[in-house]
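In the numbering used here, the protein residues as written are 5 to 435.
A short worksheet on the structure shown next.
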Amino acid sequence: MNKDKWENVTGKLAEKLYFLKIEEDPDQEDEIQVEERSLSSGNISKKDLPEGDLKEKLERNRKRIFRRRMALLALAVIIIGGFVLYNKFHTFTDYIIAESYENEVAAGSHYESVGKNIYRYNSDGVSCVSRKNELKWSITYNMQAPIADVCGSTMVIAEQQGNQVYIVDKDGLIGNFETLLPILKVRVSKQGVVAVVLQEDDVTWVNLYQSDGTSIANDKTTVAESGYPLDIDLSPDGQKLAVSYLGIEKGIVTSRVVFYHFGAAGQTKDDHIVSSETYTETVIPEIYFTDNSRAVAVTDSGFLVFRGTDTPKQTAQVFFEEEIVSTFHDGSNIGFLFRETEKEYPYRFELYNYRGRKKASCGLDAEFEQIKIENGQILMYDGNHCEAFSLSGYKKFSSTYEKEIVDVFYFSEFRKYLVITHDTFDKIRIS
């Protein structure tokens with residue numbers, strides 16, 4: 005429903021409620037007000053009151069004014085409430101491109117939203133642009149397979165199976181260095197501390213560096229001793245490192261979640277390890293911090309939550325019987341995509357908070373390649389199709405886009421999204 009249709013509906017509603025408004029005679033109202041002032045000042049005595057009793061007149065007038073004001077208030081509440089409910093539960097399927105800006109970059113570019121800006125990186129370099137694709141700064145390099153991680157406004161870009169590492173923030177380059185061994189994974193903290201997984205034959209290293217390449221810590225692991233590090237993450241303050249190790253003990257697949265602390269809490273601990281948990285017949289392909297005191301481990305059948313500033317301990321867990329197709333998360337919620345076999349929709353997503361409580365469940369018509377949570381909305385896109393859901397599971401927008409979608413962003417603007425294609429930045433308004 006577009007704006008004109010909505011105004012037409014509210015206009016008809018106002019006409020229906022118009023009977024509640026009582027017409028008044030201005031002269032009569034002025035006369036009553038004069039008489040009321042005269043009575044209160046003592047200029048008119050009770051014996052001089054006109055026939056019909058002035059007090060009754062005044063009381064009737066007050067009631068008439070009160071009814072009129074309540075009717076207008078009720079009308080306003082109905083209109084505003086109707087608009088809010090309509091916007092919450094209605095699924096919009098149309099859009100207009102309100103603004104469009106050229107986007108002439110190399111194929112294979114990736115985008116990360118950081119505050120009011122967007123980081124764009126590819127094999128040739130990284131740049132910072134506004135939402136109108138206005139260039140703020142640009143750094144060139146040459147990487148075959150760039151990978152990246154973002155924490156706050158700090159971003160690290162590294163060459164997977166290569167040696168280059170670049171760290172940037174909203175003002176540009178913070179630092180860069182090269183590693184001696186091939187890079188498998190990289191993570192960054194807000195301060196620019198970088199964690200890197202390096203591969204050396206049968207040995208895997210998990211190393212920490214300052215932004216200029218100065219070594220902070222090194223952890224040498226082998227599959228036989230510690231297991232293989234499937235994933236790592238740094239806390240935003242750069243003091244804690246979480247690692248998910250995969251190993252085999254007596255023929256059984258075993259995973260370990262290990263927390264390292266490089267601040268005061270870990271100074272007296274062996275290898276800075278402050279806590280560790282072991283899980284049998286479980287694979288943990290992803291681990292991440294939501295803040296300095298909470299970490300989440302995503303397993304092949306659910307998720308685990310750990311809390312603690314100095315010594316993280318498990319506080320919640322959720323497991324599923326169904327196979328997980330994909331996951332998505334932000335700092336407050338985690339979502340899972342499942343296949344459906346005997347229901348109306350072929351797929352379903354479920355959303356949970358980090359206390360383990362389910363917040364939403366909703367069927368999907370298709371499996372989307374990209375799903376993310378951004379500023380209170382769940383965005384799904386693939387090829388030329390895009391959908392947006394509220395965190396309560398209500399579908400807010402569903403449409404086929406006129407060009408191939410590279411990325412979609414929601415910046416908390418009313419019914420507006422930024423759609424990035426191979427050649428444009430499009431700000432669309434859904435209707």
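A virtual CB, placed ideally from N, CA and C, is assigned to each residue, including glycine.
For clarity, every value in this text was computed on a predicted model and none was experimentally measured.
- Query: Taking Cβ positions, are Gly-367 and Glu-391 nearer each other than 9 Å?
  - Reply: Counted from its first residue, the sequence shown places residue 367 at position 363. Counted from its first residue, the sequence shown places residue 391 at position 387. No, the pair does not count as a contact, with Cβ atoms beyond the cut-off.
- Message: Contact defined as beta carbons within less than 8 Å: I believe Val-192 pairs with Leu-238. What is the distance between those atoms, to the nearest angstrom?
- Response: Taking the sequence shown and counting its residues from 1, one reaches residue 192 at position 188. Taking the sequence shown and counting its residues from 1, one reaches residue 238 at position 234. Indeed, because the Cβ distance is near 7 Å, the residues count as touching under 8 Å.
- Name the two residues that bound the continuous beta strand (DSSP E) containing Thr-225. Counted from its first residue, the sequence shown places residue 225 at position 221. Per DSSP, Thr-225 belongs to the beta strand (DSSP E) from 219-226.
- Alpha carbon of Phe-418 to alpha carbon of Thr-319, nearest angstrom: Indexing the sequence shown from 1 puts residue 418 at position 414. Indexing the sequence shown from 1 puts residue 319 at position 315. Taking the straight line joining both Cα atoms gives about 37 Å.
- Message: According to DSSP, is Glu-103 part of a helix, a strand, or is it coil?
- Response: Taking the first residue of the sequence shown as position 1, residue 103 is located at position 99. If DSSP states are grouped into helix, strand and coil, Glu-103 belongs with the strands.
- Roughly how many angstroms separate the alpha carbons of Val-329 and Val-154, rounded to a whole number? On the sequence shown, position 325 is the one that residue 329 refers to. On the sequence shown, position 150 is the one that residue 154 refers to. Approximately 24 Å between the Cα atoms of the pair.
- According to DSSP, is Ala-75 helix, strand or coil? Counting from 1 along the sequence shown, the entry for residue 75 is found at position 71. In this structure, Ala-75 counts as helix in the three-state DSSP scheme.
- Task: Name the residue from Ile-236, Leu-188, Lys-120, Asp-430 whose alpha carbon lies nearest to the alpha carbon of Pro-150.
- Result: Within the sequence shown, numbered from 1, the residue matching residue 150 stands at position 146. When only C-alpha atoms are compared, the closest one is Leu-188.
- Taking Gly-196 and Gly-176 to be in contact with their CB atoms under 8 Å, please state how far apart those CB atoms are, rounded to whole angstroms. Stepping through the sequence shown from its first residue, residue 196 is reached at position 192. Stepping through the sequence shown from its first residue, residue 176 is reached at position 172. 12 Å between Cβ atoms; not a contact.
- Message: Please classify Gly-255 as buried or exposed, where buried requires at least 16 other C-beta atoms within 10 Å of its C-beta.
- Response: Position 251 of the sequence shown, counted from the first residue, corresponds to residue 255. With fewer than 16 Cβ atoms within 10 Å of its Cβ, Gly-255 is classed as exposed.
- Using only alpha-carbon positions, find the residue among Thr-225, Tyr-170, Gly-270, Glu-253 that is nearest to Asp-216. Counting from 1 along the sequence shown, the entry for residue 216 is found at position 212. Ranking Thr-225, Tyr-170, Gly-270, Glu-253 by Cα distance to Asp-216 puts Tyr-170 first.
- DSSP three-state call for Glu-63: helix, strand or coil? Looking up residue 63 in the sequence shown gives position 59. Of the three classes helix, strand and coil, the one that applies to Glu-63 here is helix, per DSSP.
- Message: Between Glu-103, Arg-135, Glu-281, Val-201, which has its C-alpha nearest Tyr-115's C-alpha?
- Response: Here residue 115 refers to the residue found at position 111 of the sequence shown. It is Arg-135 whose Cα lies nearest to the Cα of Tyr-115.
- Alpha-carbon to alpha-carbon, Ser-127 and Val-423: On the sequence shown, residue 423 is found 419 positions in, with the first residue counted as 1. On the sequence shown, residue 127 is found 123 positions in, with the first residue counted as 1. The alpha-carbon atoms of Val-423 and Ser-127 are separated by roughly 22 Å.
- Query: Between the beta-carbon of Ser-111 and the beta-carbon of His-426, is there less than 9 Å?
  - Reply: Looking up residue 111 in the sequence shown gives position 107. Looking up residue 426 in the sequence shown gives position 422. Residue identity check: residue 111 is Ala in the sequence provided, not Ser. When the beta-carbon positions are compared, Ala-111 and His-426 come within less than 9 Å of each other.
- Query: Val-287 by DSSP, collapsed to three states: which one?
  - Reply: Taking the first residue of the sequence shown as 1, we reach residue 287 at position 283. Reduced to three states, the DSSP call for Val-287 is coil.
- If you draw a straight line from the C-alpha of Val-81 to the C-alpha of Val-88, how long is it? Counting from 1 along the sequence shown, the entry for residue 81 is found at position 77. Counting from 1 along the sequence shown, the entry for residue 88 is found at position 84. When rounded, the distance between both Cα atoms is 10 Å.
- Task: For Ala-269, name the three-state secondary structure that DSSP assigns.
- Result: On the sequence shown, residue 269 is found 265 positions in, with the first residue counted as 1. Helix at Ala-269.
- Task: Compute the Euclidean distance between the alpha carbons of Asp-304 and Ile-277, then round it to the nearest angstrom.
- Result: Taking the sequence shown and counting its residues from 1, one reaches residue 304 at position 300. Taking the sequence shown and counting its residues from 1, one reaches residue 277 at position 273. When rounded, the distance between both Cα atoms is 25 Å.
- Close-in-space but distant-in-sequence residues of the same chain around Glu-108 (CB under 8 Å, 5 per side omitted): Taking the first residue of the sequence shown as 1, we reach residue 108 at position 104. Same-chain partners within the cutoff: Asp-427.
- CB contact flag (Asn-379, Phe-415, <9 Å): Here the question's residue 379 lines up with position 375 in the sequence shown. Here the question's residue 415 lines up with position 411 in the sequence shown. The answer is yes: Cβ separation under 9 Å.
- Helix or strand or just coil, what does DSSP make of Ala-110? For this step, residue 110 is matched to residue 106 along the sequence shown. Reduced to three states, the DSSP call for Ala-110 is coil.
- Message: Please identify the residue among Phe-413, Ala-364, Val-412, Lys-400 whose C-alpha is closest to the C-alpha of Thr-97.
- Response: Here the question's residue 97 lines up with position 93 in the sequence shown. Cα-wise, what sits closest to Thr-97 is Lys-400.
- Cα-Cα separation between Ile-432 and Gln-148, rounded to whole angstroms: To locate residue 432, count along the sequence shown from 1; it is residue 428. To locate residue 148, count along the sequence shown from 1; it is residue 144. In a straight line, the C-alpha of Ile-432 is about 34 Å away from that of Gln-148.
- Task: Would you mind stating whether Leu-250 and Ile-291 have Cβ atoms separated by less than 9 Å?
- Result: What you label residue 250 is simply residue 246 of the sequence shown in a count that begins at 1. What you label residue 291 is simply residue 287 of the sequence shown in a count that begins at 1. No, they are not a contact pair.
- Task: Using beta-carbon positions only, say whether Val-118 and Ser-142 come within less than 9 Å of one another.
- Result: What you label residue 118 is simply residue 114 of the sequence shown in a count that begins at 1. What you label residue 142 is simply residue 138 of the sequence shown in a count that begins at 1. Not a contact, by the Cβ cut-off of 9 Å.
- Query: For the beta strand (DSSP E) that contains Arg-361, what are its first and last residues?
  - Reply: Locating residue 361 in the sequence shown gives position 357, where the first residue counts as 1. From DSSP, Arg-361 is part of no beta strand (DSSP E); its letter is neither H nor E.
- Query: Ordered along the chain, which non-local residues of its own chain (more than five positions away) have a Cβ less than 6 Å from that of Val-309?
  - Reply: Taking the sequence shown and counting its residues from 1, the one referred to as residue 309 is at position 305. Hits under 6 Å: Val-300, Thr-319, Ala-320, Tyr-358.
- Query: Measuring CB to CB, does Gln-165 end up less than 9 Å from Pro-186?
  - Reply: In the sequence shown, the residue the question calls residue 165 occupies position 161. In the sequence shown, the residue the question calls residue 186 occupies position 182. Their beta carbons are under 9 Å apart, which means Gln-165 touches Pro-186 by this criterion.
- How long is the line joining the alpha carbons of Tyr-405 and Ile-252, rounded to whole angstroms? Here residue 405 refers to the residue found at position 401 of the sequence shown. Here residue 252 refers to the residue found at position 248 of the sequence shown. Each residue's Cα considered, the two are about 47 Å apart.
- Item | Proximal residues to Asn-222 (C-beta, below 7 Å), its chain only, five neighbours per side dropped | Stepping through the sequence shown from its first residue, residue 222 is reached at position 218. Excluding positions up to five away in sequence, the list reads Trp-209, Asn-211.
- Beta-ladder partner(s) of Asn-337, from DSSP: In the sequence shown, counting from the first residue as 1, residue 337 sits at position 333. Paired residue(s): Asn-357.
- Item | the ligand PLP heavy atom lying under 8 Å from the CB of Ser-280 | No copy of the ligand PLP appears in this structure; indeed no ligand is present at all.
- Query: Just curious, the beta strand (DSSP E) that Tyr-123 is in, first and last residue?
  - Reply: The residue labelled residue 123 in the question sits at position 119 within the sequence shown. It spans 121-125 - the beta strand (DSSP E) in which Tyr-123 sits, taken as one unbroken run.
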